[in-house]
Each structure stands twice: as structure tokens, then as C-alpha cells.
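>
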Amino acid sequence: MSALIPFALSFPARPVRRVLRLAAAAALACASAAAAAQQPQSLPVRQLRAGMYLIQAEVASTEQTRELGLMFRERLAPNHGMLFIFDQPGTQCMWMRNTLIPLSVAFIGDDGAIVNIEDMAPQTENSHCAARPVRYALEMDAGWFAKRGFKAGSKLEGIPGVR
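Just so you know, the sequence shown maps onto residues -37 to -1, 1 to 126 in mature numbering (1 follows the signal peptide of the UniProt record, and there is no 0).
1) Skipping 5 residues on each side, what residues in its chain have a beta carbon closer than 8 Å to that of residue 111?
2) Using 8 Å for Cβ pairs, my map puts residue 35 next to residue 63. What's the rounded Cβ distance?
3) Are the segment 67 to 81 and the segment 89 to 103 in contact at 8 Å, needing three or more beta carbon pairs?
4) State the CB to CB distance for the pair residue 47 and residue 29, rounded to an integer number of angstroms; the pair is presumed to be in contact (CB under 8 Å).
5) Please classify residue 105: does DSSP put it in a helix, a strand, or coil?
6) Pick out the complete alpha helix (DSSP H) segments inside the segment 18 to 85, 4 residues or longer, and give them in chain order.
7) How long is the line joining the alpha carbons of residue 43 and residue 58, rounded to whole angstroms?
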């Protein structure tokens, strides 16, 4: 009959429990990390002004925060968005991988003027690019800029480093 005893049960119970606890802790840590990656990260918030409108913009200024952007968000509060600050002016492009809400992005020059605005569909990987080299991009709910009459040439205030 002893040949029918499962292999793991032939070991002392204490080491087996320890291995099971370690495995459970590792699984919990992985699940927590995956959940945390899907939650909005805590980023600095900068108040911007677009005409008479105040915008609360989370600032994504590192490669990691720019890459994550607004992924996994289910909504944005009214007049909230994300300001992307790039290290150097360039033909910046945005995409919507794992982004659940439709967005509009304004590409902004060093003078605070909007260069162009692109509407972006959720969960797509199409590139939406600046019409000329820029250092900044501001993502807001889809249609936010159009509904308020903002277009190329409109100025935004409060962007860090804009002269």
C-alpha cells in the first residue's frame, strides 16, 4: 500500500508547507504587480490653462511613465488629462495600446502653441504623430479640444519649460 502514497506526501510535512507558502506568496506578488500596473500611477499633477479652461494634467516625463500613459484607465475626470514631456523636440507619435477610452492628443511646441490635434480610437496601435518636431503632447477625452474651439495655433499656459 505504501507504493500508492503520492510522492509529495512521503516528505516531512513542514518543508512541503514552507514550499507551498513560498509559492502562494510568489503568486500573490505577481498578481499584485499585474494589478498595480493596471491602476493609475501616482504622477505629479500640473494645472494648465487653455483659454478660460483649467486642466489638471498628470505629468509623464520619464520613458516608463510616457510608455504607460493612460493605459487601463476606464475614464478621465472632467478637464483632466496627461501631459507628456519629452527630453528633446522630435516628431513625437502616440498610440492607444491597452488604452480603454477614446482620446484626443494635442502636440505642443516649445512656445506653448498647439501644432496639431489628432483623435485616437481606443485599443489601437495606429501612430498619431506631430506635424513637426515638438517636446510636449497633451491627451484629453476625445473631442475635448474641438468642443472648446482649440485648434493649431491655440496656446496653452502652465507647461513646464515653455517660454
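Glycine is no exception: its CB is placed at the ideal position from the N, C-alpha and C atoms.
This is what the structure holds:
1) 13, 14, 16
2) 7 Å
3) yes
4) 5 Å
5) coil
6) 26 to 31
7) 19 Å
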